[in-house]
């Protein structure tokens, strides 16, 4: 018997949007329905990816170096974790994927979108998420949440204009890929958001 391919779900949003809060809740919802679920994150997800994460979140570097390292970590992530899991029939939930590169390196850092598309085509031309949950909040709400959290990484320390570009890029991606990307109003109560997420995931 051929094992059915698993599903690939990604969580996206600007820092402070609240996406990470819901990852384990969605995973638990799926496990209760008999799915084998793997949760992971980007950058990271593999031993090499976690080393690159430390560099990417805390070291200053050239914009193109940053983008290339993001996709290098992603290639390792796909090869060692995501693709094998999907082939086994597992469900994979990743806290960020390539939409984040278009948002942060593209919208925030203003790297050429053509360069990002070329990297996307090279690294995972045959893989896209089955569902992307884009958590969206006004910039002032995101900033207030960050100010109440742990020590901030280099992205979280960026100015308001950077996050405005990131958010705009995310929403543009949602317009470009409406069948895949669903925008979640993350200013609502947690229970309301959780119910919406369960409905969207159930549709898979």
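Residue numbers (my numbering): 1289 to 1492.
Backbone N, C-alpha and C define an ideal beta-carbon position, used for all residues, glycine too.
Taking C-beta to C-beta, are residue i and residue j nearer than 8 Å?
i, j, result
"residue 1481", "residue 1310", "yes"
"residue 1379", "residue 1325", "yes"
"residue 1377", "residue 1453", "no"
"residue 1422", "residue 1367", "no"
"residue 1340", "residue 1361", "yes"
"residue 1424", "residue 1474", "yes"
"residue 1419", "residue 1492", "yes"
"residue 1399", "residue 1352", "yes"
"residue 1337", "residue 1364", "yes"
"residue 1345", "residue 1357", "no"
"residue 1396", "residue 1446", "yes"
"residue 1274", "residue 1404", "Because the chain is modelled from 1289 through 1492, residue 1274 falls outside the range shown and cannot be assessed."
"residue 1315", "residue 1327", "yes"
"residue 1469", "residue 1484", "no"
Go to residue i, then tell me how far its beta strand (DSSP E) extends in each direction, as first and last residue.
i, result
"residue 1329", "1325 to 1329"
"residue 1470", "1469 to 1473"
"residue 1378", "Note, residue 1378: premise wrong, no beta strand (DSSP E); not H, not E."
My guess is that residue i and residue j are in contact by the Cβ rule of under 8 Å, so how many angstroms apart are they, rounded?
i, j, result
"residue 1431", "residue 1304", "6 Å"
"residue 1330", "residue 1458", "With a Cβ gap of about 15 Å, residue 1330 and residue 1458 do not count as contacting."
"residue 1407", "residue 1449", "Contact flag wrong, Cβ pair sits at about 24 Å."
"residue 1296", "residue 1370", "7 Å"
"residue 1298", "residue 1402", "Not confirmed; about 22 Å, so no contact."
Residue i lies in the alpha helix (DSSP H); which residues open and close that run?
i, result
"residue 1337", "1335 to 1346"
"residue 1389", "1386 to 1389"
Helix, strand or coil for residue i per DSSP?
i, result
"residue 1478", "helix"
"residue 1300", "strand"
"residue 1491", "coil"
"residue 1292", "coil"
"residue 1317", "helix"
"residue 1462", "helix"
"residue 1457", "helix"
"residue 1397", "coil"
### Message
So within the segment 1423 to 1454, which uninterrupted alpha helix (DSSP H) runs reach at least 4 residues, ignoring any that extend past its ends?
### Response
Taken in chain order, the unbroken stretches of alpha helix (DSSP H) that lie wholly in the segment 1423 to 1454 and span 4 residues or more are 1427 to 1435.
### Query
In the segment 1400 to 1425, which residue ranges form an unbroken beta strand (DSSP E) of at least 3 residues, counting only runs that do not cross its ends?
Every beta strand (DSSP E) stretch that sits fully inside the segment 1400 to 1425 and reaches 3 residues is listed by chain position as 1419 to 1424.
### Task
May I have a chain-ordered list of the alpha helix (DSSP H) segments no shorter than 4 residues that lie completely inside the segment 1347 to 1372?
Taken in chain order, the complete alpha helix (DSSP H) segments of 4 or more residues contained in the segment 1347 to 1372 are 1351 to 1365.
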